[in-house]
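Colleague: Encoded as structure tokens, here's the structure I'll be asking about.
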Amino acid sequence: MAILNYRSPYLREILFENKMKNYDGTLVRIELPNILPEIFQVILRYIYGGKISLKNYDILYLIKILIAANELSIKELVIYIQLFLIHNRANWLEQNFYLIYQTIFENDSFLELQNYCNNLMSKNPNKIFESLDFPSIPEKIFISIIQNDNLQMNVVQIWENVLKWGLAQNPELSSDPSSYSKDDFNNLRNTLEQCIPFIRFYDLTSKEFSDNILPYRKIIPEELYMDLLKSFLNLHPDSKLNNISKSQEINPSQHNINKSIEIFNHVPFNRSNKRRVRRNRQVFLMTFMILSRSLFYVF
Numbered sequence: 001m002a003i004l005n006y007r008s009p010y011l012r013e014i015l016f017e018n019k020m021k022n023y024d025g026t027l028v029r030i031e032l033p034n035i036l037p038e039i040f041q042v043i044l045r046y047i048y049g050g051k052i053s054l055k056n057y058d059i060l061y062l063i064k065i066l067i068a069a070n071e072l073s074i075k076e077l078v079i080y081i082q083l084f085l086i087h088n089r090a091n092w093l094e095q096n097f098y099l100i101y102q103t104i105f106e107n108d109s110f111l112e113l114q115n116y117c118n119n120l121m122s123k124n125p126n127k128i129f130e131s132l133d134f135p136s137i138p139e140k141i142f143i144s145i146i147q148n149d150n151l152q153m154n155v156v157q158i159w160e161n162v163l164k165w166g167l168a169q170n171p172e173l174s175s176d177p178s179s180y181s182k183d184d185f186n187n188l189r190n191t192l193e194q195c196i197p198f199i200r201f202y203d204l205t206s207k208e209f210s211d212n213i214l215p216y217r218k219i220i221p222e223e224l225y226m227d228l229l230k231s232f233l234n235l236h237p238d239s240k241l242n243n244i245s246k247s248q249e250i251n252p253s254q255h256n257i258n259k260s261i262e263i264f265n266h267v268p269f270n271r272s273n274k275r276r277v278r279r280n281r282q283v284f285l286m287t288f289m290i291l292s293r294s295l296f297y298v299f
């Protein structure tokens, strides 16, 4: 009992609680519902012997030992297993990135593996998104990856992988948005609703926006889409919004566009759907102007 009390803060707390309850005898019943008996035996041998040969176990078994050691608050074993995996099972970690990432996600006890995963995202992001288990990543894990500052991918690449993940969740959808029905767009929009806010659309050029975002405009929240349209209209196709001062005065071409919208909105229409029609006209005209300007600079 003294060794258990010394090596594991978790077990120490349980033993202390049992002592305070004044149980008779020397036997103490300890229940560990999250730890398999065979896993606990491995850890128990480590607690009493101070040694463990990790080479004797396959990686999935090692992960179970790692999780159990963490639950028992055996910090030195948690660190030791992480370093063993990083230095001796690197290829497997890369091939099963999402399994590892999901295990260590939001758990500061696994800092070594967290740093390893962050470095992998920084140096080889394509390996992450090209892995076989990419389509099955839980939404929460996927969002944590695309919003990670260490992810060395531009906005277009991130957007393409977001679409790839969204389509994987809706296998009935084609990769060609021009063939989508209203229901298809609704399904994709609902799937990516929590991912969209983490796309840095304002880091795009207007040409990148027209080439990559406009085909999927129906899955972008209307308010965000309108704001992006208005912003990109004032840019050269190869310029980014973040490179333009917010105090920049509107240019002559933007003035003409705004004037055109004003004239366009004075065309007669049915009062019953006044607001919707006006909104649609503005979106149509602004989208058309972005596409036209992009084509103009290309040619």
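Each residue of the sequence shown is one higher than the one before, counting from 1 in UniProt numbering. Ideal placement from N, C-alpha and C gives every residue a C-beta, glycine not left out. Since we're looking at a predicted model, the values are computed, not measured.
If we ignore side chains and look at the alpha-carbon of each, how far apart do Ile43 and Phe198 end up?
Modeller: The residue you call residue 43 lines up with position 43 of the sequence shown. The residue you call residue 198 lines up with position 198 of the sequence shown. When rounded, the distance between both Cα atoms is 41 Å.
Colleague: Excluding five sequence neighbours on each side, which residues of the same chain lie with their C-beta closer than 6 Å to the C-beta of residue 328?
Modeller: No statement about residue 328 is possible, as the shown extent of the chain runs from 1 to 299 and does not include it.
Colleague: According to the Cβ coordinates, are Leu188 and Leu173 closer than 8 Å?
Modeller: Working through the sequence shown from its first residue, we reach residue 188 at position 188. Working through the sequence shown from its first residue, we reach residue 173 at position 173. For Leu188 and Leu173, yes; Cβs fall inside 8 Å.
Colleague: Can you list, in chain order, the residues of its chain whose CB lies under 7 Å from that of Phe299, leaving out five sequence neighbours each side?
Modeller: Translated into the one-based positions of the sequence shown, residue 299 becomes position 299. Legend: pLDDT at Phe299 = 40, less than 50; position of this residue unreliable, no value from coordinates given.
Colleague: How many Å lie between Tyr116 and Ser231 at the Cα?
Modeller: One-based indexing of the sequence shown puts residue 116 at position 116. One-based indexing of the sequence shown puts residue 231 at position 231. Approximately 38 Å between the Cα atoms of the pair.
Colleague: In whole angstroms, give me the CA-to-CA distance for Ser53 and Lys127.
Modeller: Locating residue 53 in the sequence shown gives position 53, where the first residue counts as 1. Locating residue 127 in the sequence shown gives position 127, where the first residue counts as 1. So the alpha carbons of these two residues sit roughly 30 Å apart.
Colleague: I need the straight-line Cα distance from Asn170 to Tyr61, nearest angstrom please.
Modeller: Stepping through the sequence shown from its first residue, residue 170 is reached at position 170. Stepping through the sequence shown from its first residue, residue 61 is reached at position 61. If I take the Cα positions, the gap works out to 33 Å.
Colleague: Pairing CB atoms from the region 158–166 with CB atoms from the region 104–112, are three or more of them under 8 Å?
Modeller: As far as the Cβ criterion goes, the region 158–166 does not touch the region 104–112, which means the pair count is below three.
Colleague: Please check the pair Glu76 and Ile35, which I expect to be a contact at CB under 8 Å, by giving their CB distance rounded to whole angstroms.
Modeller: Within the sequence shown, the letter at position 76 stands for residue 76. Within the sequence shown, the letter at position 35 stands for residue 35. Actually they are not in contact, since the Cβ atoms of Glu76 and Ile35 sit about 18 Å apart, beyond 8 Å.
Colleague: So the alpha helix (DSSP H) Leu163 belongs to, where does it begin and stop?
Modeller: Here residue 163 refers to the residue found at position 163 of the sequence shown. Element bounds for Leu163: 155–169.
Colleague: Classify Asp207 as buried or exposed, calling it buried when 16 or more other Cβ atoms lie within 10 Å of its own Cβ.
Modeller: Position 207 of the sequence shown, counted from the start, is the residue given in the question as residue 207. Checking the displayed sequence, the identity of residue 207 turns out to be Lys instead of Asp. Lys207 is buried by the Cβ-count criterion.
Colleague: Could you tell me whether the Cβ atoms of Ile137 and Tyr98 are closer together than 8 Å?
Modeller: Taking the sequence shown and counting its residues from 1, the one referred to as residue 137 is at position 137. Taking the sequence shown and counting its residues from 1, the one referred to as residue 98 is at position 98. A contact, by the Cβ cut-off of 8 Å.
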